[in-house]
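Okay, structure first, notes after.
Residue numbers (full-length UniProt numbering): 1 to 403.
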């Protein structure tokens, strides 16, 4: 008989600026982690150090099996000095809350999702005093690397990374590229593991109906991160061949300058009547919008952000069981095999992406079968319960090696 897994008392630390419980992919990843640990029988507490976006949420409470605590007000105050004071208060209160939680039940491990030295260093000192394991989850390159590249770090910056990256007892990375980049800064004996995108498949349990004539993207509409411009251009090449289809873009339209650029592009390509901007959609309503689509798309460019990260939305796409088309960047081709459990296009090529859309829609019966194979990833490699169980094994390994 398989032994009962150890039930750990875990604390997850969220910086707060990305929003809670409604935010972006960063927030969804942390919530999937928390629920995955709960499914494995762990006690989970989530500390939110800084205020987030203006969500209607209590300062503390419980949701989906775990407890959460804002270490200061859930909403930033007005004024620069008041914001600084609030940030300091959040850091100080996080230590008080950790002490309180540890008195109630000894904490086995703390996992921080924060890049901030000001947040992590006080927690590091706390863990050394209390003998608690401290892990860092890392799902993207540092901002300075994203802006300048790998090879343009100064000697001082490299020393800084070598210093701050050794606060932890182990690392959880989202991609192989991040492991390779950070290896020189963490020492050869630092325990590391890779946890790719994870999805809470419970969010995708509902009655499924035949898809609508919709090609759908969900995510950040602006900048180069998700290739929305290329996606619109690709759709413009094929829309006359499939006049019943629309392109639905789910995401914030609150930046008037950037939204005007996309609107102008849609107008110039003469697809204004075929492209629908939904604006912000609450995370609870996203799964059904994705599920009603015939095809889910993501045209990420081949840049440093794509190499280091791994789009959370891909896990959500796959969880619907609908056909998924993505560009072959980063670690994506390690999991998605073209024509088997998804479809891959060359990054940066409007023509190739458009050609793949055309191929999928022309033989949708085959594409639907490929989508069903893709869903299996959301139940295995990308499943939050499965990956949480792997992380618990990793924590136990680190603990045993220290004893």
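For each residue, glycine too, the CB sits at the ideal point set by N, CA and C. Given the structure is predicted, the values throughout are model-derived calculations rather than measurements.
Open item on the list: Any heavy atom of the ligand MN inside 8 Å of the beta-carbon of residue 15?
Closed with: Of ligands this structure carries none, so the ligand MN is not represented either.
Task: Straight-line Cα distance separating residue 68 from residue 282 - done: 20 Å
Open item on the list: My assumption, with CB atoms under 8 Å, is that residue 52 sits in contact with residue 71. Please give the rounded CB distance.
Closed with: The Cβ separation is near 12 Å, so there is no contact.
- [ ] Let me know if residue 2 comes out buried or exposed under the rule of 16 or more other beta-carbons within 10 Å of its beta-carbon.
- [x] The predicted position of residue 2 is uncertain, since its pLDDT is 43 and thus under 50; a value taken from the coordinates is nonetheless stated next. It counts as exposed.
Task: residue 8 versus residue 319: straight-line alpha-carbon distance, rounded - done: Between residue 8 and residue 319, the C-alpha separation is close to 28 Å.
Open item on the list: Using a Cβ-Cβ cutoff of less than 8 Å, which residues in the same chain neighbour residue 107 once the five nearest sequence positions on both sides are dropped?
Closed with: These residues qualify, in order along the chain: 9, 10, 11, 98, 101, 130, 132.
Task: Collapsed DSSP secondary structure at residue 174 in the structure displayed - done: coil
TODO: Assuming residue 191 and residue 170 form a contact by the criterion Cβ under 8 Å, report the distance between their Cβ atoms to the nearest whole angstrom.
DONE: At roughly 4 Å, the Cβ-Cβ gap stays under 8 Å, so residue 191 and residue 170 are in contact.
Open item on the list: Is there a C-beta anywhere in chain D that falls below 9 Å from the one on residue 124?
Closed with: Note that chain D does not occur in the displayed structure, where there is just one protein chain.
Open item on the list: Between which two residues does the alpha helix (DSSP H) holding residue 361 run?
Closed with: Where residue 361 is concerned, the enclosing alpha helix (DSSP H) stretches over 350-362.
Open item on the list: Rounding to the nearest angstrom, what Cα-Cα distance links residue 393 and residue 134 in this structure?
Closed with: 15 Å
Task: Residue range of the alpha helix (DSSP H) that includes residue 120 - done: 117-130
TODO: Could you please give me the residues that DSSP links to residue 63 through a beta bridge?
DONE: 66
Task: C-alpha distance - residue 4 paired with residue 400, whole-angstrom precision - done: In this predicted model, residue 4 has a pLDDT of only 48, less than 50, meaning its place in the structure is not dependable; the value taken from the coordinates is given anyway. Approximately 17 Å between the Cα atoms of the pair.
Task: Under the three-state DSSP convention, the category residue 152 falls into - done: Here residue 152 sits in helix by DSSP.
Open item on the list: Here's a check: name, in chain order, each residue in its chain whose Cβ is nearer than 6 Å to the Cβ of residue 259, leaving out the five neighbours to either side.
Closed with: Counting only residues of its own chain and dropping the five nearest sequence neighbours on each side, residue 259 has a CB closer than 6 Å to the CB of 253.
Open item on the list: For the pair the segment 344-355 and the segment 157-171, tell me if three or more CB-CB distances fall below 8 Å.
Closed with: no
Open item on the list: Considering only the alpha carbon of each residue, which of 50, 367, 42, 82 lies closest to residue 409?
Closed with: Since the first residue of the chain shown is 1 and the last is 403, residue 409 is not available in this structure.
Open item on the list: Three or more C-beta pairs under 8 Å: does that hold for the segment 304-317 against the segment 192-204?
Closed with: The answer is yes - the segment 192-204 touches the segment 304-317, with three or more Cβ pairs under 8 Å.
- [ ] With DSSP as the reference, please indicate the residues paired to residue 298 in a beta bridge.
- [x] Per DSSP, 326.
Task: Residue burial classification, residue 267 (beta-carbon count within 10 angstroms, cutoff 16) - done: exposed
Open item on the list: Helix, strand or coil, according to DSSP, for residue 101 in the structure here?
Closed with: In this structure, residue 101 counts as helix in the three-state DSSP scheme.
Task: residue 275, enclosing alpha helix (DSSP H) - first and last residue - done: Run containing residue 275: none in the alpha helix (DSSP H); it sits in the beta strand (DSSP E), 275-279.
Open item on the list: To test your reading of the DSSP string, which unbroken alpha helix (DSSP H) runs of 4 or more residues are found completely within the segment 170-252?
Closed with: 176-186, 228-238
Open item on the list: Are the CB atoms of residue 347 and residue 227 within a distance shorter than 9 Å?
Closed with: yes
- [ ] Could you please give the first and the last residue of the uninterrupted alpha helix (DSSP H) stretch that includes residue 263?
- [x] 256-268
Task: Length of the line joining the Cα atoms of residue 289 and residue 378 - done: 18 Å
- [ ] Inspect the beta-carbon positions of residue 271 and residue 215 and report whether they are closer than 9 Å.
- [x] no
Open item on the list: Please state whether the Cβ-Cβ distance between residue 21 and residue 57 is less than 9 Å.
Closed with: yes
Task: residue 248 burial status per 10 Å Cβ neighbour count (16 or more: buried) - done: buried
TODO: Could you check how far apart the C-beta atoms of residue 137 and residue 113 are, in whole angstroms? I think they sit under 8 Å.
DONE: 5 Å
- [ ] With a 10 Å radius around its C-beta and 16 neighbouring C-beta atoms as the bar for buried, classify residue 438 as buried or exposed.
- [x] For the chain, the structure presents residues 1 to 403; residue 438 sits outside this window and is missing.
TODO: Assuming residue 13 contacts residue 49 (C-beta within less than 8 Å), just tell me the rounded distance between them.
DONE: 7 Å
Task: 8 Å contact criterion, which residue 269 and residue 244 should meet: CB distance rounded - done: Going by Cβ atoms, the distance from residue 269 to residue 244 rounds to 18 Å, so no, they are not a contact pair.
- [ ] Round the Cβ separation of residue 40 and residue 385 to the nearest angstrom and send it over; I've been treating them as touching at under 8 Å.
- [x] 6 Å
TODO: Count the other C-beta atoms from every protein chain shown that fall within 10 angstroms of the C-beta of residue 329, then say buried if there are 16 or more, exposed otherwise.
DONE: buried
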